Every structure is written in structure tokens, then in C-alpha cells.
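Worksheet for the structure shown next.
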DNA sequence: GGCAGGATCTAGCAGCGCTAGATTTCCTAG
DNA sequence: CTAGGAAATCTAGCGCTGCTAGATCCTGCC
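Residue numbers (UniProt numbering), protein chains in the order written: chain Z, 1 to 198; chain D, 1 to 198.
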């Protein structure tokens with residue numbers, strides 16, 4: 001039993017080592033360059049070891065994505081619930097989302113961009129996605145003036161996702177991130193006309 | 001001279017054949033499965049022939065993207081200028097954009113999603129991107145109530161891009177595409193509060 | 001100490017992008 | 001109409017990829 005559990009502990013540690021290393025590699029050289037050989041060398045094992053922990057390379061990125069979405073949910077929840085009122089909460093959530101995407105582009109890519117069979121194949125990831133969606137909905141719902149809150153949530157999330165991906169692809173002016181998110185939040189929450197003359 | 005021009009003509013035809021076949025292959029099996037061997041076999045030549053026309057596989061997708069963005073610009077312009085007033089123009093442009101992305105997902109991916117060195121390396125593509133951007137700006141500018149029109153344009157484009165990519169990844173409710181774009185356009189153009197009680 | 005059994009590695013397959021060198025095809029000059 | 005040379009095209013191969021079968025080594029038990 002102690003023997004068995006020591007083995008299991010070592011195995012679990014290596015499992016985490018693989019995920020941590022894959023994430024670091026992806027953030028530094030991009031997912032496209034994270035190969036089984038490079039990853040195996042980085043953790044100082046041979047490639048087949050990876051397949052003892054994960055079904056394939058894609059599953060490793062999926063696992064990183066799951067860790068990432070858990071982080072993201074926590075970040076969003078903290079930003080939203082720390083704000084004094086719904087308007088500030090929506091703004092804080094939106095900024096936190098873009099900041100996370102900007103600070104962890106490879107993780108963001110693993111979650112939302114990389115072609116993945118994850119979101120509907122894996123068992124717990126749909127729940128995580130729904131939880132993240134609920135964070136967005138909680139933030140925008142106070143501003144759904146008679147509209148379907150779910151549709152409004154999809155609009156908000158899509159708008160932020162678009163800003164995140166286009167900014168990462170350098171298709172948006174770099175210095176204007178806050179201006180974009182503030183303008184988006186103002187219009188989506190319906191505060192555009194009053195403050196437009198400012 | 002007739003000889004020379006016949007050769008050149010045949011060469012130009014094959015050039016287009018490559019692009020057309022690459023686009024068809026991408027739309028049917030996805031860019032990830034469009035390999036030099038498959039593409040070469042589809043046009044009934046050996047792989048090296050491809051390299052007589054394009055620098056590499058990426059350049060082929062870039063060329064498809066350039067053709068696509070020209071199409072897209074025409075679609076957007078037609079939608080916008082055919083509308084009776086700015087509000088209808090913005091709505092028509094937004095719907096046309098999402099419809100194009102939905103009908104030609106591989107081309108849309110080649111233009112805006114696939115990692116590419118295109119947009120800033122190639123000579124004419126930045127101009128095309130700017131032209132497309134100008135279409136968005138022309139549609140939304142009437143609703144920039146004192147705000148920076150360029151920022152507002154980035155917000156609009158990002159929001160539509162997010163809806164296009166998330167819808168393609170099946171992360172948004174399928175039947176709600178029009179509801180989403182209408183809600184987005186209403187809020188971005190500032191018509192939300194008046195019609196909110198509807 | 002010797003021996004299962006599990007963990008790990010070596011070596012290899014098929015397919016990828018891409019290219020050098022052989023081969024074939026075509027145009028031209030005599 | 002043929003011979004030669006240039007241009008077009010193909011064959012074959014390199015180093016890389018994800019992934020795996022079979023050999024090897026190492027660990028823990030009797």
C-alpha cells in the first residue's frame with residue numbers, strides 16, 4: 001500500500017509536470033511547435049511516456065484548456081463580485097476577460113480557438129463552459145431591458161472573444177484595448193446616448 | 001509569341017485550378033487536411049508543381065484568403081449601399097458578414113483565423129484589409145455619437161468576428177444567429193433603450 | 001538471490017512540407 | 001523531318017510529425 005501510493009503519487013506528479021511543461025512551452029513557442037518529442041525532452045522522458053498519461057497530443061492541450069477555464073472562471077467571478085454595482089461589475093468582468101486572454105494567449109487559444117473535440121466530448125468541460133457562460137450572464141443580465149438574457153450574453157461573450165482574438169492577431173490598434181472594451185460595455189449596457197457627448 | 005502565350009495561358013489556368021481546388025478541398029475536409037500530396041493529386045500533378053506556382057502551402061491559403069476578402073468586400077459594400085438608410089445599412093452589412101462567414105467557413109478561416117504572415121507581409125493585402133475596415137466604418141460611423149469612429153468600428157468588427165468564429169465552433173445556439181446580430185446592431189447603434197420595452 | 005511484472009526506452013511506420021536530381025516533353029534550328 | 005537543347009515535370013528522398021510494437025530494464029516480492 002505505501003509502495004502503491006508512492007508510485008501513484010509519483011505518477012500524479014509527472015502528470016502535472018506534463019501539463020505545466022506543455023503550458024509553458026505553448027506560451028513560449030506556440031502550440032504549433034509543442035511536439036511530442038519536444039515535450040518529452042522537456043520533461044526528460046521518452047515520447048511513449050506521454051501516452052501513458054494522455055490519449056494523444058490533443059488531449060494534453062485539452063487538459064491545459066480545462067485548467068485554464070477553471071482559472072478564467074475564478075478571475076471573472078472575482079472581478080464581477082468585487083465591484084460595487086452591476087455597471088462596474090460588467091466593466092470589470094469584461095476587462096478581466098481581455099486581460100486574461102492577453103496574459104495567457106496560449107491557454108486562451110487552447111480553450112477557445114484551437115480546433116478541439118473537447119467541449120462536447122469530455123465529461124466535465126461542458127459544465128465548465130456553462131459555468132463560465134453563467135458568469136457572463138450574471139454580469140450582463142441587469143441590462144437586459146426586456147431582451148432575452150441568453151442572447152444578450154452570447155452577444156457580450158462573442159464581442160469580447162472577437163476583441164481577444166483580433167487583438168492577439170495584431171489586427172486591432174494595440175493601445176486602444178481599454179477604449180474598445182469601455183465603448184463596448186457602454187453601448188451594450190445602454191449607457192451610450194447619455195454619456196455620448198462627454 | 002503564340003507559343004509563349006499559350007504556355008503562359010496554360011500556366012495561368014493551372015494557377016487558378018490550384019486555388020479553386022484548394023478552396024474546394026478546404027471547404028469539404030478542412031484546411032488541416034489540405035496537404036500538398038492531396039492537393040497535387042486532386043489537380044493531377046505531382047507536388048513539386050505546386051511550388052512552381054506558390055512559395056509554399058501557406059502561400060496557397062493566403063492566396064485563397066485574398067480572393068475571399070475581395071469577395072467579402074463586394075458583399076459588404078452591396079449590402080450596405082443597397083439599404084435605404086444608415087440603420088438598415090448597418091444591419092444589412094452585419095448580417096451579410098455573418099452569412100458570408102457561415103457559407104464559406106474555410107475561406108473565412110483563411111482570411112481571419114488561420115495563423116498567417118499574410119496581412120502584413122504581402123503587398124496588397126493590407127490595402128484590402130483597410131478597404132474592408134472602411135466598409136465597416138462607413139456603416140457604423142453615423143452612430144458614433146461623439147465617440148472615436150475608428151474605435152467604434154473595431155468594436156463592431158470584433159463583435160461580428162466573435163459571433164462568426166464562436167458560431168462556427170458550435171459554441172452559440174444555432175437558431176439564434178439573426179437574434180444575436182439584431183441585438184448587437186440595436187445596442188451598438190444606440191437604439192436599445194427606446195425599443196427595450198417592446 | 002532470483003524471478004515475475006510493471007515501467008520505460010529504442011526503433012520504426014506512415015504521412016507531413018519541401019527539394020535535388022533524373023527524366024520526359026516540347027520547341028526550334030538545320 | 002530530325003537532332004539538340006531548354007523547359008517542364010516527376011521520382012525519390014530528407015528531416016520532421018504523431019503514434020506504437022517489441023525489447024529492455026528496473027522494482028518489489030517470495
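Glycine residues also receive a C-beta, built at the ideal position from the N, C-alpha and C atoms. Because the structure is a prediction, the values reported are computed rather than measured.
The C-beta separation of residue 151 (chain D) from residue 179 (chain Z) comes to about 5 Å, placing the pair in contact by the 8 Å criterion. In the three-state reduction of the DSSP assignment, residue 168 (chain D) falls in the helix class. Per DSSP, reduced to three states, the secondary structure at residue 97 (chain Z) is helical.
Against chain Z, the CB of residue 53 (chain D) has no partner CB under 7 Å away; the residue lies outside that interface. Contact between the stretch 146-161 of chain D and the stretch 172-190 of chain D is present: three or more C-beta pairs spanning the two stretches fall below 8 Å. Of the candidates D:59, D:107, D:28 and D:116, D:116 places its Cα closest to the Cα of residue 171 (chain Z).
When CB distances to chain Z are screened at a threshold of 9 Å, the residues of the UniProt domain "HTH tetR-type" (12-72) of chain D falling below it are 30 and 32, in chain order.
Listed by position along chain D, the residues whose Cβ is nearer than 9 Å to that of residue 176 (chain Z) are 148, 150, 151 and 154. Shown here for residue 17 (chain Z): same chain residues with a beta carbon closer than 6 Å to its own, the five before and five after excluded, namely 43 in chain order.
Taking C-beta atoms as the reference points, residue 141 (chain Z) and residue 77 (chain Z) fail to come closer than 7 Å.
Looking at the backbone, the Cα of residue 56 (chain D) and that of residue 50 (chain D) are separated by about 8 Å. Under the 7 Å criterion on CB atoms, residue 179 (chain Z) is classed as interfacial with respect to chain D. Here residue 101 (chain Z) is actually not in contact with residue 59 (chain Z); their C-beta atoms are around 23 Å apart, not less than 8 Å. Listed in chain order, the alpha helix (DSSP H) runs fully inside the stretch 109-156 of chain Z are 118-121 and 125-140, counting runs of at least 4 residues. By the beta-carbon neighbour count (other beta carbons within 10 angstroms, threshold 16), residue 153 (chain Z) is buried. Between residue 139 (chain D) and residue 80 (chain D), the gap from beta carbon to beta carbon is short of 7 Å. Residues of chain D whose Cβ lies closer than 9 Å to the Cβ of residue 131 (chain Z) do not exist, since the nearest Cβ in that chain is about 14 Å away.
Within its own chain, the residues whose Cβ lies closer than 6 Å to the Cβ of residue 89 (chain D), once the five positions on either side in sequence are excluded, are 80, 83 and 139, listed in chain order. Interface residue (Cβ-Cβ distance to chain Z less than 7 Å): residue 137 (chain D) is not classified as such. CA-to-CA, the gap between residue 71 (chain Z) and residue 61 (chain Z) works out to about 15 Å. Contact between residue 54 (chain Z) and residue 40 (chain Z) fails: their C-beta atoms lie close to 12 Å from each other, not under 8 Å. Under the three-state reduction of DSSP, residue 44 (chain Z) is assigned to coil, being neither helix nor strand. Between residue 89 (chain D) and chain Z, the shortest Cβ-Cβ separation is not below 7 Å.
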